Amino acid sequence: MSGGFFFVSYLVFRSTFRNFAGESNIIINLTKMKRFLFSMMLVLCALCGVQAQTIQNASNWWDGSVLYTAKVVGNNVTMSGIGEHEGGFRFHLTKVAGKQGEYILTGDEAEAEALRAKIGWRVQYVRQDGMYFLAVRKPNGDAVWKMTLTPDNLENCLGQERSAEQRNPSELLSHWLMNTTYLANFSKDELRLMRNEILARHGWKFQSKDLQDYFGRQPWYKAGTNNNAIKLSVIEQLNIQLIKSEETVPDEVRGYHNFASGSAYNSDLRKLNEGHFPGGLDDDGRGPDEVDGTDYYSVTNEQEFLNALGNNRTVVIAAGVHLNLSRVLEREEYFRNVNGRRWMTIASDYTGLAPLVVSESETDGRQLALLNMKGLIIKGERNSSIEVDPRYSYCIYFINCENCEVHNLTIGHTEGGYCSGGVIGVKGGRQTLIKDCDLYGCGTYGLDLMGTTDFTLMNSNIHDCTYGIIQMRNCIATYFKNCDFFNNREYELIEGWNNEGLTFTDCRMFANWGDAPLFHLDQAFYMNNCKIYHPTEKLGTINMAAKQNCEFFANPFDTSIQSRNLGPDQKK
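Following numbering that gives the first Met the number 0, the numbering of the sequence shown begins with 0 at its first residue and continues without gaps.
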């Protein structure tokens, strides 16, 4: 899942005014003005909290197994859906007069029952923090079903769902809007633990003895003193409601099967039945011993690493191993006329669909480019790292890849550079996850993202970069969760153009160059529970942000700043 690894809704509107080469300056200036006004409208709306919307004709909605398309006629909406093996799914809504974003279920009882609802129940269309979703609610307001707005087709939606099912549930509880299809994979006891883990991660003080005992054994849990002071995000609130509703539905109705024996019993469920709840308590992510059918490669040198790269596999760099990829990237014989590899000047010129491992030319050397990879996970065991020599190259460059991840690694250059390069580059593709990593001392930026969808950086550091922290352009749904950005210089530190659905949650920015503007963004973005240590006059385009529970400090070197132990080899 890139990652994101998180799979949430995208912005409902895309800017329809683009800068086309050859058009007059007047059209371009009008285009920029319209995009600016549209962005400001999003910010003003987001500052008001949860925002209601109107369902648009021909919009697509995903509920975890069925992709629905809306047909809007006046105040009436017909949702027609198709699943992986069949179509014919349908339900009807009627807009409530005078209440924006409020609908009620109409049609017949059978349609409503398929949504675990009844005729007349409320359906709310909500947008917050870059997410758009429909929530079917009981009379008491609790959600029983949800659908997210999506630009994707059925194949891509199903791929995202399968990717989510392979991820550690703890990574999703607070960051991904769950659905009943996903929740049907878990027993009632597991659902109860998942629901309460959301609270436990915030320090909830439990009254139930079994929950006290269970979470008391987890190294990350620390009980607070005031449950009333805990504030949950919209995702967390909705997931708690959906899980609680799922716990009331009979297993035969919700589609849950006990795989305690038989050929369908996989190693994920074996761990559950052995008492290891899938909450990231014994391991921090997906590994070959946790997902059947995934190839597993343990490597101890650069050539083994090169040989292991490919689709649908986990490549683990052994403990204490430090790879310098330049040792193999400079060897033409390792790439030319070798199946699945290329020695190229510009890797993105390749137009085929086959996965490739490329040694790509850069100004002062060569860089590793991974093209069209799917399901590749690169993980480090304790005290392992990847570095390269060229100052202008990426350490790893993903091009048109899907569901690729990098975990628990220190990654950087042997020396800094200028003008181009970065630690990790991502161009095109979707669902890239970088987790528990330390990205340092690159030629320019820690991350360089170009036209990618569903990118997530989580529990990681970016530091000591020579131009800035992150550069993004034309990206959709980009998430930074629980990350620290520090000791970076020297121009706009976080810059981007034409990005939609950019969100920072539980992030800190400190000890960066005080003369450098912190933000240089041209679209609305979201900040939740962030702490910013930067001169007030150098915050840049902070006015473009919809902020919630954020704190600002003018001193980048505030003495209250303490390490959060993010990055590799930290038990979360």
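All residues carry an ideal CB built from backbone N, CA and C; glycine is no exception.
Since the structure is predicted, the reported quantities are computational estimates derived from the model, not experimental observations.
Check your understanding: In whole angstroms, what is the alpha-carbon distance linking F485 and G379?
Key -> Per the coordinates, the alpha-carbon of F485 lies some 23 Å from the alpha-carbon of G379.
Exercise for review: Could you check if V252 is buried or exposed, using at least 16 other CB atoms within 10 Å of its CB as the buried criterion?
Suggested key: Flag for V252 reads exposed.
Check your understanding: Going by Cα to Cα distance, which pick from S360, Q547 and G140 is closest to W342?
Key -> Answer by Cα proximity: S360.
**Study point:** Cβ-based burial, L92 [other Cβ within 10 Å; buried from 16]
**Key:** It is buried - the Cβ of L92 has at least 16 other Cβ atoms within 10 Å.
Review point. What residue ranges within the region 183 to 224 form continuous alpha helix (DSSP H) runs of no fewer than 4 residues, ordered along the chain?
Key: Within the region 183 to 224, the complete alpha helix (DSSP H) runs of at least 4 residues are 187 to 199 and 208 to 215.
Review point. From W203 to A510, what does the alpha carbon distance come to, in whole angstroms?
Key: For W203 and A510, the distance between alpha carbons rounds to 32 Å.
Review point. Any chance the region 116 to 133 sits against the region 206 to 215, with 3 or more Cβ pairs inside 8 Å?
Key: They do not touch, by the three-pair rule.
**Study point:** Contact under 8 Å by Cβ, I475 with T504
**Key:** In this structure, T504 does not lie closer than 8 Å to I475 by Cβ.
Exercise for review: Would you tell me roughly how many angstroms separate the C-alpha atoms of G424 and Y131, rounded to the nearest one?
Suggested key: When rounded, the distance between both Cα atoms is 28 Å.
Practice item. Just list the alpha helix (DSSP H) runs in the region 72 to 133, keeping only unbroken ones of 4 residues or longer that don't cross its boundaries, in chain order. Key: Within the region 72 to 133, the complete alpha helix (DSSP H) runs of at least 4 residues are 108 to 113.
Check your understanding: Leaving out five residues before and five after N399 in sequence, what residues of the same chain have Cβ atoms less than 8 Å from its Cβ?
Key -> If we look at N399 and ignore the five residues flanking it on each side, its Cβ neighbours are L370, N371, K426, G427 and G428.
Review point. Can the beta-carbon of M193 be found closer than 8 Å to that of P218?
Key: Between M193 and P218, the CB-CB gap reaches or exceeds 8 Å.
**Study point:** Cα-Cα separation, V387 to L408
**Key:** V387 and L408 have their alpha carbons spaced roughly 14 Å apart.
Exercise for review: Given a cut-off of 8 Å, decide if M471 and N498 are closer than it, judged by their beta-carbon atoms.
Suggested key: Judged by their CB atoms, N498 and M471 are nearer to each other than the 8 Å cut-off.
Review point. Residues in its own chain within less than 6 Å of G421 by CB, not counting five upstream and five downstream?
Key: Result list for G421: Y393, C441, T443, Y444 and D447, in chain order.
Review point. The alpha helix (DSSP H) with N59 in it runs from where to where?
Key: From DSSP, N59 is part of no alpha helix (DSSP H) but of the beta strand (DSSP E) over N59 to W61.
Check your understanding: For the candidate residues L538, I433, R507 and H412, whose alpha-carbon lies nearest to that of C403?
Key -> Of the candidates L538, I433, R507 and H412, the one whose C-alpha sits nearest the C-alpha of C403 is I433.
Point to revise | beta strand (DSSP E) segment containing S297, residue limits | key: D294 to V298 is the extent of the beta strand (DSSP E) around S297.
Exercise for review: Take C529 and list the residues in its own chain whose beta-carbon comes closer than 6 Å to its own, dropping the five residues that flank it on each side.
Suggested key: These residues qualify, in order along the chain: F503, C506 and C549.
Review point. What residue from R330, H321, N75 and F334 has the CA that sits closest to R381's CA?
Key: Ranked by Cα distance from R381, the options R330, H321, N75 and F334 are led by H321.
Review point. Does DSSP put N554 in a helix, a strand or coil?
Key: Annotated three-state conformation of N554 is coil, per DSSP.
Practice item. Spell out the partners DSSP gives I493 in its beta bridges. Key: Paired residues: I469 and F518.
Exercise for review: Out of N460, P389 and K373, point me to the one whose CA is closest to N155's CA.
Suggested key: N155 has its Cα closest to that of K373, out of N460, P389 and K373.
Exercise for review: Put F503 into one of helix, strand or coil per three-state DSSP.
Suggested key: In the three-state scheme derived from DSSP, where H, G and I count as helix and E and B as strand, F503 is classed as strand.
Review point. If we ignore side chains and look at the alpha-carbon of each, how far apart do F556 and S297 end up?
Key: Taking the straight line from one Cα to the other gives about 41 Å.
Exercise for review: Go to C156, then tell me how far its beta strand (DSSP E) extends in each direction, as first and last residue.
Suggested key: It is not in any beta strand (DSSP E) - C156 instead sits in the alpha helix (DSSP H) that spans L153 to E164.
Review point. Among residues of its own chain, excluding the 5 on either side of M177, which ones have a beta-carbon nearer than 6 Å to its beta-carbon?
Key: Correct list, in chain order: N238 and L241.
Check your understanding: Who pairs with Y444 in a beta bridge, going by DSSP?
Key -> The partner list for Y444 (beta bridge, DSSP) reads G421 and G467.
Check your understanding: Helix, strand or coil: how does DSSP classify S244 here?
Key -> Helix.
**Study point:** Reference T179, options P249, N152, K230 and R200, closest by Cα
**Key:** By alpha-carbon distance to T179, the top candidate from P249, N152, K230 and R200 is P249.
Check your understanding: When the Cα of D294 is compared with those of E301, S459, N306 and Y466, which residue comes out closest?
Key -> Selected option, being the one with the closest Cα: N306.
**Study point:** Cutoff 6 Å; reference H406; Cβ partners in own chain excluding five residues on either side
**Key:** These residues qualify, in order along the chain: G284, K378, K434 and D435.
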